[in-house]
Amino acid sequence: MSQLLYSVEDVFSKEGYLKQQEKDFYNIPLYQRGYKWEPKHVKKLLVDIDNFQASGSKFYCLQNITIVPKDNYFNIVDGQQRLTTLTIILAYLQEKDLVYNKVRFPDNSIRKETNRFLNEVITKEDIVFPEDDWDDFIEDNENYDHQDIHHIFQVYKTIDVWFKEKIQHLSFSTEEYRNKLLKHVKFIINKIDDKTSSEEKIFGNLNSKRIPLDGADLVRAVLITRVAKEEGKREADIKNIVRVNERRVKIGWQLDQINNWWSKENVKRYFSNFVSITSERMGAVNLFDDDKYPINILYLLFAEKKGEKVLTLELIEKNNNDALGLYKEIIKLNSTLQDWFQDKEIYHYLGYLFNQKTKRDFNFTTVWGLWESSKTRDLFRIALKKEIKSTLMTDDELISFVDTNINWYKKEPRKLVSALVLMDIIHSIKNNQPFLPFSSFNKAANDIEHIFPQNPEKVKDKKAYLVFLNTYVVHIDNKFDVSEFDVNKNDDEYLDTVDEFIKNQIEAINIDSIGNLVLLYSSLNRSISNNPYAKKRARIIEYFNKGNFIQPHTFQVFVRYFNDDSNDVKDFEHWTKNDIEANAKRINNEINNFLKIDSDE
2 MSQLLYSVED VFSKEGYLKQ QEKDFYNIPL YQRGYKWEPK HVKKLLVDID
52 NFQASGSKFY CLQNITIVPK DNYFNIVDGQ QRLTTLTIIL AYLQEKDLVY
102 NKVRFPDNSI RKETNRFLNE VITKEDIVFP EDDWDDFIED NENYDHQDIH
152 HIFQVYKTID VWFKEKIQHL SFSTEEYRNK LLKHVKFIIN KIDDKTSSEE
202 KIFGNLNSKR IPLDGADLVR AVLITRVAKE EGKREADIKN IVRVNERRVK
252 IGWQLDQINN WWSKENVKRY FSNFVSITSE RMGAVNLFDD DKYPINILYL
302 LFAEKKGEKV LTLELIEKNN NDALGLYKEI IKLNSTLQDW FQDKEIYHYL
352 GYLFNQKTKR DFNFTTVWGL WESSKTRDLF RIALKKEIKS TLMTDDELIS
402 FVDTNINWYK KEPRKLVSAL VLMDIIHSIK NNQPFLPFSS FNKAANDIEH
452 IFPQNPEKVK DKKAYLVFLN TYVVHIDNKF DVSEFDVNKN DDEYLDTVDE
502 FIKNQIEAIN IDSIGNLVLL YSSLNRSISN NPYAKKRARI IEYFNKGNFI
552 QPHTFQVFVR YFNDDSNDVK DFEHWTKNDI EANAKRINNE INNFLKIDSD
602 E
């Protein structure tokens with residue numbers, strides 16, 4: 002297999018693919034369904050080709066045709082609708098000599114009239130297509146009264162109308178359209194030499210699911226067939242055949258292993274966020290479908306590294322003469338990405354950056370540039386830390402986490418999430434800690450939770466809340482008298498007084514400080530949102546002990562990891578202003594120490 006893609010001209014030309022394969026024509030076997038394209042189908046194809054901007058080696062891909070070699074022809078197992086339609090279009094564009102008798106139906110079959118109509122009326126030189134409508138035409142040509150011939154007839158008429166309308170526009174050139182169609186529209190030719198499977202079985206497998214070849218299949222075909230052949234060029238004939246076959250098996254196995262690794266949920270979900278380009282479209286679907294073949298994430302990143310905006314077959318075809326170089330480059334990229342995934346620091350730094358920075362500011366091209374320009378792994382880590390630091394800068398300064406004037410919840414929500422995730426990372430890169438799961442690098446399923454107990458919704462919890470405020474917040478001269486609470490708890494006016502008192506006390510506390518905010522799984526947060534602190538703490542510890550994931554920083558805040566000699570609080574029932582300040586101080590120290598980069602010191 003020296004080539005994968007062939008232009009329309011190559012597919013039909015006497016000097017093209019047929020001659021290369023020593024065949025004369027393409028045969029539509031009896032097990033195939035009759036031609037069934039309708040005007041809407043051919044219109045869409047004509048418009049798509051018209052809208053395609055051809056330049057250089059850029060091409061429009063018509064997907065694959067699957068063929069099986071016979072004596073002096075190929076049987077079309079899949080793709081006969083497209084091939085027949087191209088035959089009709091080219092005949093209309095006066096390329097009859099190119100397509101005459103290149104697509105045939107068995108002469109000794111129920112489709113002999115279809116074959117005669119296609120090759121005696123549509124593609125034969127000097128024959129003018131009838132101007133009659135279908136009913137008038139079959140009145141004089143009863144032998145042609147078949148459903149598939151009716152479809153061919155209507156498609157030709159549709160093509161005629163479409164081009165006559167287009168040439169009314171000065172900007173349209175039939176000659177340019179013909180040239181684009183011949184040279185810049187290509188087929189993927191999938192030639193099957195399998196002698197162990199019948200054509201009918203192959204046809205059934207292809208058509209039962211109607212799933213076209215994926216880009217991963219095509220890359221695999223290129224690598225397996227071409228790399229082994231290139232590597233074996235210098236060997237003697239017999240030895241070469243053995244080596245090539247062994248190498249093909251090894252390459253196939255290696256690609257399977259790579260796809261298996263990329264199929265792991267944590268790998269697939271982690272690296273999906275690295276991708277900022279798209280796949281070439283094949284109709285309504287992506288040619289490189291990373292849901293079907295996760296290895297396509299690797300190919301997308303390969304294309305992005307190359308500076309491409311879209312992953313296309315054209316990129317693979319550019320390496321037609323150096324498939325070995327392409328193979329080595331893909332293997333090297335895969336090894337590098339696996340290395341990053343297994344390096345605890347790099348894994349967490351990149352997880353943070355691809356979730357906390359925009360694709361405009363940080364993408365795979367950026368990180369690959371940093372990797373290649375860094376002489377050592379440590380310098381790469383430092384470069385990533387600098388990128389992390391940039392997410393927490395304000396006016397060219399690292400934001401202060403102890404500044405009481407900053408309303409983190411309302412004014413700095415993006416930096417708030419970044420800082421809280423970074424605290425998780427600082428904890429997780431320690432030697433004895435597990436890697437963070439891919440889902441923990443952004444807010445995603447988390448809510449931002451205020452730890453300081455808000456005014457409880459339930460009346461029964463308000464008394465305990467008042468006792469808490471009297472004990473830890475309110476000056477001794479301003480304490481609320483709770484002795485009458487039980488007697489008056491059903492009195493709306495009394496409860497209004499209670500709520501007003503609580504509101505006044507909370508206003509004195511910076512509840513939107515970063516020291517009072519954590520990320521908490523949404524469903525868990527909503528189940529405890531208005532509970533007193535002690536209940537929140539107990540519920541979170543219970544949730545964690547059952548094996549559920551809690552953001553590390555969130556868990557440590559609730560177990561008061563930030564306590565030091567100056568704030569050794571033993572009361573686990575309440576969360577105070579002192580706790581908020583101590584937590585903010587700890588965040589400030591941890592992040593500043595983490596972002597101290599040797600080159601900056």
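Residues 2 to 602 (the working numbering) are what the sequence shown spells out, left to right. Just so it is clear, CB atoms sit at the ideal spot from N, CA and C, and this is done for glycine as well.
So, for D25: in the same chain, excluding its five sequence neighbours on each side, which residues have a beta-carbon less than 7 Å away from its beta-carbon?
In the sequence shown, residue 25 corresponds to position 24, counting from 1. Taken in chain order, the residues that qualify are L19, N73 and Y74.
Please state if the CB of L393 and the CB of L354 are separated by a distance shorter than 8 Å.
The residue you call residue 354 lines up with position 353 of the sequence shown. The residue you call residue 393 lines up with position 392 of the sequence shown. Result no, Cβ atoms of L354 and L393 do not sit closer than 8 Å.
Consult DSSP for D11 and reduce its assignment to one of helix, strand or coil.
Position 10 of the sequence shown, counting from 1, holds the residue named residue 11. The answer is helix: DSSP assigns D11 an H, G or I state.
Can you give, in chain order, each stretch of the alpha helix (DSSP H) that sits fully within the segment 306 to 355 and has at least 4 residues?
DSSP runs (the alpha helix (DSSP H)) wholly in the segment 306 to 355: 314 to 318 and 324 to 343.
Please state the DSSP three-state secondary structure of I89.
Position 88 of the sequence shown, counted from the first residue, corresponds to residue 89. Residue state, collapsed to three classes: helix.
What's the C-alpha gap between F550 and G80?
As a first step, residue 550 is located in the sequence shown; it is residue number 549 there, counting from the start. As a first step, residue 80 is located in the sequence shown; it is residue number 79 there, counting from the start. Using only the alpha carbons, I get a separation of about 50 Å.
Tell me which same chain residues have a C-beta within less than 6 Å of the C-beta of Q357, skipping the five on either side of it?
In the sequence shown, counting from the first residue as 1, residue 357 sits at position 356. Closer than 6 Å at the Cβ level, and outside the excluded window around Q357, lie T392 and S419.
According to DSSP, simplified to helix, strand and coil, what is R105?
Walking along the sequence shown from the start, residue 105 turns up at place 104. In this structure, R105 counts as strand in the three-state DSSP scheme.
For H151, name the three-state secondary structure that DSSP assigns.
The sequence position of residue 151 within the sequence shown is 150, counting from 1. Helix, per DSSP.
Can you list, in chain order, the residues of its chain whose CB lies under 8 Å from that of V474, leaving out five sequence neighbours each side?
Residue 474 sits at position 473 when you count from the first residue of the sequence shown. Closer than 8 Å at the Cβ level, and outside the excluded window around V474, lie Q506, A509, I510, T577 and K578.
What first and last residue would you give for the alpha helix (DSSP H) that runs through Q506?
Here residue 506 is taken as the residue at index 505 of the sequence shown, counted from 1. Run containing Q506: D493 to I507, per the alpha helix (DSSP H) assignment.
Under a Cβ-count criterion, where at least 16 other Cβ atoms within 10 Å of its own Cβ denotes burial, should D404 be classed as buried or exposed?
The sequence position of residue 404 within the sequence shown is 403, counting from 1. Classification for D404: exposed.
Please classify S209: does DSSP put it in a helix, a strand, or coil?
The count along the sequence shown starts at 1 and reaches residue 209 at position 208. For S209, the pLDDT reaches just 45, beneath the cut-off of 50, and the residue's location in the model is therefore unreliable, although a value from the coordinates is still provided. If DSSP states are grouped into helix, strand and coil, S209 belongs with the helices.
How about I153 and L99: do their beta carbons lie closer than 8 Å?
On the sequence shown, position 152 is the one that residue 153 refers to. On the sequence shown, position 98 is the one that residue 99 refers to. In this structure, L99 does not lie closer than 8 Å to I153 by Cβ.
Answer yes or no: do I50 and V162 have a C-beta to C-beta separation smaller than 8 Å?
The residue labelled residue 50 in the question sits at position 49 within the sequence shown. The residue labelled residue 162 in the question sits at position 161 within the sequence shown. Cβ atoms of I50 and V162: not closer than 8 Å.
Entirely within the segment 347 to 430 and at least 4 residues each: give me those alpha helix (DSSP H) ranges in chain order.
The segment 347 to 430 contains these whole alpha helix (DSSP H) runs: 365 to 374, 378 to 391, 409 to 412 and 414 to 429.
Between the C-alpha atoms of K210 and S524, what's the straight-line distance to the nearest angstrom?
Translated into the one-based positions of the sequence shown, residue 210 becomes position 209. Translated into the one-based positions of the sequence shown, residue 524 becomes position 523. Because K210 sits at a pLDDT of 44, beneath the cut-off of 50, its placement in the model cannot be relied upon, and the following sentence gives the value as read from the coordinates. Those two C-alpha atoms are separated by around 40 Å.
Can you give me the C-alpha to C-alpha distance between K376 and S514, rounded to a whole angstrom?
Sequence index remark: in the sequence shown, residue 376 carries index 375 (1-based). Sequence index remark: in the sequence shown, residue 514 carries index 513 (1-based). The straight-line gap from Cα to Cα measures roughly 41 Å.
DSSP has E450 in a bridge; who is on the other side?
As a position in the sequence shown, residue 450 is number 449, starting the count at 1. Paired residues: V519.
Just grab the DSSP bridge partners of S280 for me.
Within the sequence shown, numbered from 1, the residue matching residue 280 stands at position 279. L312, per the DSSP bridge assignment.
Quick test of your reading: I193 and C62, contact by CB under 8 Å. State the CB separation rounded to the nearest angstrom.
As a first step, residue 193 is located in the sequence shown; it is residue number 192 there, counting from the start. As a first step, residue 62 is located in the sequence shown; it is residue number 61 there, counting from the start. Not confirmed; about 20 Å, so no contact.
What residue from D127, N109 and R117 has the CA that sits closest to E96's CA?
Within the sequence shown, numbered from 1, the residue matching residue 96 stands at position 95. Of D127, N109 and R117, the residue nearest in Cα terms is D127.
Report the rounded CA-to-CA distance for S429 versus Q64, giving the unit in angstroms.
Here residue 429 refers to the residue found at position 428 of the sequence shown. Here residue 64 refers to the residue found at position 63 of the sequence shown. Their Cα atoms are separated by approximately 47 Å.
What is the DSSP secondary structure of F188, counted as helix, strand or coil?
Stepping through the sequence shown from its first residue, residue 188 is reached at position 187. F188 falls in the strand class under three-state DSSP.
Under 8 Å, do F559 and R527 count as touching if we go by C-beta distance?
For the purposes of this step, residue 559 is taken as residue 558 along the sequence shown, with counting starting at 1. For the purposes of this step, residue 527 is taken as residue 526 along the sequence shown, with counting starting at 1. Result no, Cβ atoms of F559 and R527 do not sit closer than 8 Å.
Would you tell me roughly how many angstroms separate the C-alpha atoms of I400 and I512, rounded to the nearest one?
On the sequence shown, position 399 is the one that residue 400 refers to. On the sequence shown, position 511 is the one that residue 512 refers to. Distance between the alpha carbons of I400 and I512: 18 Å.
On a CA-only basis, which of V268, V311 and D344 is nearest S277? Give me that one, please.
Residue numbering aside, residue 277 sits at position 276 when the sequence shown is read from its first letter. With distances taken between Cα atoms, S277 lies closest to V311.
Using alpha carbons as the reference points, say which of Y466, D146 and S280 lies closest to R112.
Along the sequence shown, one-based indexing puts residue 112 at 111. Here the closest residue by C-alpha is D146.
Quick one: grab the DSSP three-state call for T555.
Translated into positions along the sequence shown, residue 555 becomes position 554. T555: helix per DSSP, three-state reduction.
Between D500 and N471, is the Cβ-Cβ spacing less than 8 Å?
Taking the sequence shown and counting its residues from 1, the one referred to as residue 500 is at position 499. Taking the sequence shown and counting its residues from 1, the one referred to as residue 471 is at position 470. For D500 and N471, no; Cβs fall outside 8 Å.
What number of angstroms, rounded off, separates the C-alpha of I529 from the C-alpha of V286?
As a working note, residue 529 is residue 528 in the sequence shown. As a working note, residue 286 is residue 285 in the sequence shown. Answer to the nearest angstrom: the Cα atoms are 44 Å apart.
Express the C-alpha separation of Y544 and I592 in angstroms, rounding to a whole number.
In the sequence shown, counting from the first residue as 1, residue 592 sits at position 591. In the sequence shown, counting from the first residue as 1, residue 544 sits at position 543. Cα to Cα, the separation comes out at about 27 Å.
Of the choices V488, N260 and V9, whose alpha-carbon is the least far from that of D290?
The residue labelled residue 290 in the question sits at position 289 within the sequence shown. It is N260 whose Cα lies nearest to the Cα of D290.
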